[in-house]
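Written below as structure tokens is the structure these notes are about.
Numbering (the UniProt record's numbering), first residue to last: 1 to 76.
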């Protein structure tokens, strides 16, 4: 005996879950020598940029590569 399969669910026209996903905010663009602030590492200066991929930031005590979308990095 084969197990029965559930029928495909039809989307309800008035359901609040049918709302299309909101577009993600645009990725912020950084340039060399931009001053930035990070929630964990503090103030720093951008020393390298990989377009829409990552930035390299010098925080004084260490240099870090931070990947896009830069969740806790803010331009000053």
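Ideal placement from N, C-alpha and C gives every residue a C-beta, glycine not left out. Keep in mind that this is a model prediction, so the values were computed, not measured.
Handout entry: Sequence ranges, alpha helix (DSSP H) only - wholly within the UniProt region "Disordered" (1 to 20), length at least 4
Key = none
Problem - Cβ contact (3+ pairs, closer than 8 Å) linking the region 18 to 31 and the region 45 to 65 - result: yes
Handout entry: Burial state of residue 76, where buried means 16 or more other Cβ atoms lie within 10 Å
Key = exposed
Handout entry: Nearest-angstrom beta carbon gap, residue 74 and residue 24 [assumed within contact, 8 Å]
Key = At roughly 17 Å, the Cβ-Cβ gap does not stay under 8 Å, so residue 24 and residue 74 are not in contact.
Exercise for the section: Note down, in chain order, each residue of its chain lying with its Cβ closer than 6 Å to the Cβ of residue 65, except the 5 sequence neighbours on either side. Expected result: Result list for residue 65: 54 and 56, in chain order.
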